[in-house]
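Report on one structure; see the data block that follows.
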Amino acid sequence: MRKHVQALGLMPEYQNDEEFSLKARMVTALAFVPVKRLEDAVDQLSNYLPNQLHPLLDWFEDNYLGRANR
Numbered sequence: 006m007r008k009h010v011q012a013l014g015l016m017p018e019y020q021n022d023e024e025f026s027l028k029a030r031m032v033t034a035l036a037f038v039p040v041k042r043l044e045d046a047v048d049q050l051s052n053y054l055p056n057q058l059h060p061l062l063d064w065f066e067d068n069y070l071g072r073a074n075r
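Numbering of the sequence shown is given in this note's numbering, commencing with residue 6 and proceeding in unit increments.
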């Protein structure tokens, strides 16, 4: 995930802003959400994350979770 944060040009904020870093790490925590609650968790997290982290959430969803047919 850090590699993708870097690719998005977000590494300075990730390293220097503790709240931003915490929110970015919340994306990977989705891997531990029960499948039945995953869609709701992704939606809730999407609403909570700053816009600049949405590409990270999209990447994680595409590569690790799979996208639900919405």
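No residue lacks a Cβ here, since even glycine has one placed at the ideal position from N, Cα and C. Predicted, not measured: the structure shown is a model, and the values here were computed from it.
DSSP places L13 in the coil class of the three-state scheme, outside both helix and strand.
In the assembly as shown, Y69 is an exposed residue. Its beta-carbon has fewer than 16 other beta-carbons within 10 Å.
DSSP, reduced to helix, strand and coil, places P39 outside both helices and strands of the structure shown, so it counts as coil. Rounded to whole angstroms, R7 and D48 show a C-alpha spacing of 22 Å.
In this structure, V10 lies near L61, with their beta-carbon atoms less than 9 Å apart.
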